[in-house]
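If you use the numbering used here, the sequence shown corresponds to residues 113 to 377, in order. For glycine and all other residues, C-beta sits at the position ideal for the given N, C-alpha and C.
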Amino acid sequence: MNVSATLTPRFVKLVLGLAVIPTFFLSASAQDARLVAKQVFPSVVMLDMQDASHRPLRFGSGFFVRPNVVATNYHVVENAFYGVAKVAGETQTYVIEGTIGIDKANDLALLKLVDANRPALTLLADVSKIEVGEEIFAFGNPKRLEGTISPGIISGLSLRDMGGENLIQISAPISTGSSGGPVVNRNGEVIGVAVSSITTGQNLNFAVPSSLLATLMGSNSGVSSLSASASAEANSPGAGSPAPNKTRGLSSKSIGSDHNEMKRL
């Protein structure tokens, strides 16, 4: 009896089976990302903000949390007199009527859009449910690359105290223009709002916890026009201070080194 001839087919089948296993898991992971993208992108917008003379001021990202209501970072809309929003991959633009909620301390804003009845994303209001190593996806428009999805993980063991702000550390790449975009889990639930990076490190990125956005949504008021908000900001006592989208130093108490810098994106 030829033992070698008998074993060889079984051995080949075993090797082929082992080769298929990692391919299967890679395909499953890629399929998850595609499904999340299809679910989230219809609710993601690019924001173009303008000054009092209708000149370009700043651009960023945002996402629908209610029909006609978009969440973003406050620094994206700060000092803007006018603005429009455009859903990723579409041509129609929506006029920003004004703000209905602002949280400067946590760099959040809620914008009221005109006739923008779009699907809203679901917030994961309890951030205690997120875990380090959990797979996440950042959506936005980095460097005006409209409709970008970046995979990553929650890379910090707990919320980071970043100069008085409690932020979620993520590994998903974000850049200028990503600010205000949603960071979601594999279920498409928003766990945070992309906000900043440490410029002197490698892939050290941060998001405002969705729980803070949920709180703001529960306390928003009537519509305040962008021009009224910008004028009030210009006349405020701290009007001469640096805008929060500028690079700023972080204390050694926050992250262990006074040479690190965090930049609003």
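- When the beta-carbon positions are compared, L159 and G213 stay at least 8 Å from each other.
- About 6 Å separates the beta carbons of V295 and I248, which is inside the 8 Å limit, making them a contact pair.
- Under the 10 Å beta carbon count, N299 is surrounded by fewer than 16 other beta carbons and is classified as exposed.
- Fewer than three beta-carbon pairs drawn from the stretch 283-290 and the stretch 213-233 are found closer than 8 Å, and the two stretches are therefore not classed as touching.
- The DSSP-derived three-state label of F153 is helix.
- The beta carbon of P321 sits closer than 6 Å to those of V239, I280, G304, all from its chain and outside the five residues before and after it, given in chain order.
- In chain order, E301 place their CB closer than 6 Å to the CB of T234, counting only its own chain and leaving out the 5 sequence neighbours on each side.
- Counting C-beta pairs with one atom in each stretch, the stretch 167-176 and the stretch 252-259 have three or more that are closer than 8 Å, which means they touch.
- Within the stretch 253-277, the complete beta strand (DSSP E) runs of at least 3 residues fall at 260-265, 272-274.
- A145 has its alpha-carbon roughly 8 Å from the corresponding atom of P263.
- If only complete runs of 3 or more residues are kept, the stretch 181-206 shows the beta strand (DSSP E) at 181-184, 194-199, in order along the chain.
- Annotation: the continuous alpha helix (DSSP H) that includes S322 extends over 322-329.
- The three-state reading of DSSP puts S309 in strand, counting E and B together.
- In chain order, N180, V181, I208, E209, G210, T211, I212, V335 place their CB closer than 8 Å to the CB of K224, counting only its own chain and leaving out the 5 sequence neighbours on each side.
- Nearest to S155 by C-alpha distance, out of L338, D215, N218, G292, is G292.
- With respect to the 8 Å criterion, L271 and V244 are not classified as neighbours on the basis of their beta carbons.
- If you check the CB distance, V157 and M329 do not come in under 8 Å.
- Judged by DSSP secondary structure, R178 falls within the beta strand (DSSP E) whose first and last residues are 168-178.
- In this structure, the alpha-carbon of V199 lies about 9 Å from that of G259.
- With a cutoff of 8 Å on beta-carbon distance, K375 and S308 are scored as near each other.
- Comparing alpha-carbon positions, the option among Q204, T184, T203, N317 lying closest to L220 turns out to be T184.
- A221: member of the beta strand (DSSP E) spanning 220-225, first to last residue.
- One Cα belongs to A192, the other to E246, and the distance between them is close to 36 Å.
- Here T312 really is in contact with E373; their C-beta atoms are around 6 Å apart, less than 8 Å.
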